[in-house]
Amino acid sequence: MNALNKYRPQLFWLLTCVFLMLICAGFTSPLYPHYTGRDSSTFLVLARGILDGRIPYLDLFDHKGPAFYWLEAIGYFFGGRTGVFFLECIILLCDIYFIKRISSLLCAEFAIAALAFFSTFFFLFQHGNLTEEFCMPLILAGLFFELKFLLSEEKKHDPRIAYLYGMLLGLIAFMRLNNAVSICAMLLCIIAVLMHERQWMNLLANLLSGILGLATVAVPVCLYFYRHGALYDMLYGTFLLNLLYAKNVTHLPILSSDFFYYLILFVPGLYAVAMFWKKWRAERSRAFVSLLFSTVLTYGMLAYTNAYMHYFMLGIPVFVIAVAVQSPKASSGTLAIIRMIVCRRRDAQDREKNALSILLVCIIAGHVLLSAYSACAPIYKTYLTDIAYDEYRKVHVGMETIPENERGEVIAFNTVSDFYYHADVLPCYRYFTLQKWLSTEKVNVYQEFMLYLIKERPLWVVTRTGDNDNILNEILTLLYSCRYSDDKYSYYRCADSVITS
1 MNALNKYRPQ LFWLLTCVFL MLICAGFTSP LYPHYTGRDS STFLVLARGI
51 LDGRIPYLDL FDHKGPAFYW LEAIGYFFGG RTGVFFLECI ILLCDIYFIK
101 RISSLLCAEF AIAALAFFST FFFLFQHGNL TEEFCMPLIL AGLFFELKFL
151 LSEEKKHDPR IAYLYGMLLG LIAFMRLNNA VSICAMLLCI IAVLMHERQW
201 MNLLANLLSG ILGLATVAVP VCLYFYRHGA LYDMLYGTFL LNLLYAKNVT
251 HLPILSSDFF YYLILFVPGL YAVAMFWKKW RAERSRAFVS LLFSTVLTYG
301 MLAYTNAYMH YFMLGIPVFV IAVAVQSPKA SSGTLAIIRM IVCRRRDAQD
351 REKNALSILL VCIIAGHVLL SAYSACAPIY KTYLTDIAYD EYRKVHVGME
401 TIPENERGEV IAFNTVSDFY YHADVLPCYR YFTLQKWLST EKVNVYQEFM
451 LYLIKERPLW VVTRTGDNDN ILNEILTLLY SCRYSDDKYS YYRCADSVIT
501 S
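Numbering (my numbering), first residue to last: 1 to 501.
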């Protein structure tokens with residue numbers, strides 16, 4: 001009993017994380033076996049392919065970093081889709097650990113910071129299994145050590161911690177580069193502090209140590225792909241493709257047309273900016289000006305990307321830190337919440353505190369409701385209707401057309417990766433999904449795919465029923481015959497006369 005009491009807080013957070021993930025992580029939760037998402041299914045295909053001996057980018061191509069796919073493969077190894085779910089639970093526990101450390105560092109009420117994290121996290125992560133989710137503990141860890149130095153007012157920075165920053169940046173960069181924006185902003189502030197203090201030798205030691213930490217991650221990754229003849233493919237998929245994709249993308253011109261949606265996404269950042277600005281004016285602390293800079297840079301970057309909700313997970317760490325700053329430690333979480341909501345609202349002499357407290361309560365309450373609404377989607381499609389199962393059943397019926405010994409030669413054109421998950425097959429060609437979308441000025445994936453169909457002639461090609469691509473339809477007419485079709489997919493087999501010719 002004493003041992004149970006000793007570990008009761010850890011047990012509480014463990015059960016809380018697992019319970020929330022069971023309900024909200026629709027794309028991997030064992031409660032929703034047939035509920036799938038486009039990105040998540042792609043990552044599961046890569047994970048399964050890695051375990052099958054495929055080389056990312058060379059054999060199966062996508063535009064996230066290899067560190068993410070290897071982590072996904074580790075989860076998949078221990079239980080397939082459910083194994084990835086448990087990996088996500090471990091990641092969420094790591095998030096909570098670092099939020100607790102940050103709360104302690106700021107002498108803040110951990111319960112409120114955790115509530116703020118959960119409310120925004122489960123709304124923005126869109127049923128999970130995304131790079132932003134996997135990077136979150138790395139981002140929080142980096143911000144914790146950066147904040148620890150900036151709050152200490154020390155003039156020198158420990159180069160050993162800089163080595164850790166380098167490793168964290170390397171791991172994040174080899175998942176998705178722009179996920180490191182908040183850490184990079186704080187690092188620039190640390191460099192500025194060392195320059196201001198004229199700690200030139202300490203700055204040089206930290207820079208060299210950081211580069212060494214980055215190399216510790218980057219060199220083995222690059223050597224692995226160089227050895228397999230896929231170094232350029234990896235660098236293109238991880239970095240260059242995303243830069244080409246992002247350079248002409250911004251949602252600023254359409255902000256006015258969907259203002260309420262953008263307000264929901266940006267309001268945690270506006271709160272964080274207001275909170276850090278207020279604290280900096282009051283204390284002139286280098287920590288709060290650094291946090292302010294990090295918040296502005298993070299949300300500034302988000303203003304020039306597609307308005308996918310999960311991108312805005314990158315703003316959660318600075319938002320949670322802002323909440324911790326406003327929530328000084330009380331004897332209990334309940335007392336802290338009461339004090340924040342009630343006592344400060346009675347303080348008529350401090351209108352800024354009142355306004356920020358009210359704004360915070362509205363943000364948390366609103367995001368709790370939005371998270372609950374988001375969690376209803378997999379429940380609705382799995383238990384209240386047969387939508388999720390019908391998607392699986394259609395593919396399962398279609399796959400009965402393909403003999404077992406021919407399922408290693410299946411490729412789909414311009415479809416999402418849900419198909420491969422439901423069909424329980426691995427694609428036979430590297431560009432296996434959304435070939436038109438993946439095409440850029442550097443690599444014309446669409447053209448390469450069409451040449452592949454003509455030259456290699458895979459046994460089975462699956463398309464979306466009614467696809468009006470003229471080149472594809474001409475190839476299918478000449479070389480393939482339709483063996484089965486429904487309202488979702490059409491299944492074409494290479495003609496026997498073509499195979500033998």
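A virtual CB, placed ideally from N, CA and C, is assigned to each residue, including glycine.
Spatially closest choice to residue i from the options, by CA coordinates
| i | options | result |
| --- | --- | --- |
| P554 | V395, I102 and C428 | Absent from the structure is residue 554, since the part of the chain shown begins at 1 and ends at 501. |
| D469 | M21, K353, M275 and T415 | T415 |
| E133 | L105, S40, W200 and L214 | S40 |
| R457 | L478, K353 and K156 | L478 |
| T36 | A113, C482 and E391 | E391 |
| T131 | Y32, A173, F449 and K156 | A173 |
| A25 | F86, K156 and G166 | F86 |
| A108 | F276, F225 and I321 | I321 |
| K156 | F118, I364, L459 and N202 | N202 |
| D95 | F122, F78 and Y76 | F122 |
| V325 | Y224, L11, N5 and I112 | I112 |
| R38 | Y452, S490 and Y421 | Y421 |
| D496 | S481, K488, M195 and D487 | S481 |
| V461 | M186, E409 and S439 | E409 |
| I139 | Y492, L168, A412 and F260 | L168 |
| H34 | K394, S485 and Y484 | K394 |
| L434 | E441, F419 and K442 | F419 |
| L472 | L453, I379, G79 and I183 | L453 |
| A287 | I74, A218, A230 and C189 | C189 |
For residue j and residue i, believed in contact at Cβ under 8 Å, the rounded distance
| i | j | result |
| --- | --- | --- |
| V181 | L297 | 6 Å |
| L115 | C17 | That belief does not hold up - the Cβ atoms of L115 and C17 are roughly 14 Å apart, past 8 Å. |
| G315 | G366 | Not really, about 15 Å apart at Cβ, beyond 8 Å. |
| R81 | L426 | So it is not a contact: roughly 15 Å between Cβ atoms. |
| Y261 | I363 | Rounded, the Cβ-Cβ distance is 15 Å, inconsistent with contact. |
| L292 | V273 | 6 Å |
| H228 | L58 | 6 Å |
Sub-9 Å separation of residue i and residue j beta-carbons
| i | j | result |
| --- | --- | --- |
| L46 | E72 | yes |
| T120 | V84 | no |
| A388 | Y32 | yes |
| L22 | P30 | yes |
| F68 | R176 | yes |
| K436 | V445 | yes |
| L459 | R430 | no |
| L51 | F77 | yes |
| A141 | F110 | no |
| A215 | S290 | no |
| K442 | L241 | yes |
| N206 | P137 | no |
| V323 | L360 | yes |
| I55 | A230 | yes |
| N178 | M301 | yes |
Checklist entry - Between the stretch 123–132 and the stretch 299–310, are three or more C-beta pairs nearer than 8 Å? => result The stretch 123–132 vs the stretch 299–310: in contact.
Item to check | In chain order, each alpha helix (DSSP H) run of at least 4 residues that lies wholly inside the stretch 407–474 | outcome: Every unbroken stretch of the alpha helix (DSSP H) spanning 4 or more residues and falling wholly within the stretch 407–474 is given here in chain order: 418–423, 435–438 and 445–455.
Checklist entry - Counting Cβ pairs closer than 8 Å, one from the stretch 454–468 and one from the stretch 373–380, do we hit at least three? => result Here the stretch 454–468 makes no contact with the stretch 373–380; the two share fewer than three CB pairs at distances below 8 Å.
Checklist entry - In chain order, which alpha helix (DSSP H) runs of at least 4 residues are fully inside the stretch 180–242? => result The stretch 180–242 contains these whole alpha helix (DSSP H) runs: 181–196, 200–227 and 231–235.
Checklist entry - Does the stretch 133–153 come close enough to the stretch 198–214 that 3 or more CB-CB pairs lie under 8 Å? => result Here the stretch 198–214 does not lie against the stretch 133–153, with fewer than 3 beta-carbon pairs under 8 Å apart.
Checklist entry - Curious, which full-length alpha helix (DSSP H) runs of at least 4 residues does the stretch 343–400 contain? => result The qualifying runs are 351–379 and 387–399.
Next on the checklist: Using a Cβ distance threshold of 8 Å, determine whether the stretch 393–413 contacts the stretch 149–160, with at least three qualifying pairs required.
Outcome noted: For the pair of segments examined, the stretch 393–413 was found not to touch the stretch 149–160: the number of CB pairs separated by less than 8 Å stays below three.
Checklist entry - Counting Cβ pairs, one atom from each stretch, are 3 or more of them under 8 Å apart for the stretch 226–241 and the stretch 54–70? => result The answer is yes - the stretch 54–70 touches the stretch 226–241, with three or more Cβ pairs under 8 Å.
Item to check | Runs of beta strand (DSSP E) wholly within the stretch 99–135 (minimum 3 residues, chain order) | outcome: Qualifying beta strand (DSSP E) stretches: none in this window.
Next on the checklist: Which complete alpha helix (DSSP H) runs does the stretch 294–335 hold, if anything under 4 residues is left out?
Outcome noted: When DSSP assignments are scanned along the stretch 294–335, the uninterrupted stretches of alpha helix (DSSP H) that are 4 or more residues long and fall wholly within it turn out to be 316–326.
Checklist entry - Enumerated in chain order, which unbroken segments of the alpha helix (DSSP H) with a length of 4 residues or greater are wholly contained in the stretch 3–30? => result Within the stretch 3–30, the complete alpha helix (DSSP H) runs of at least 4 residues are 8–24.
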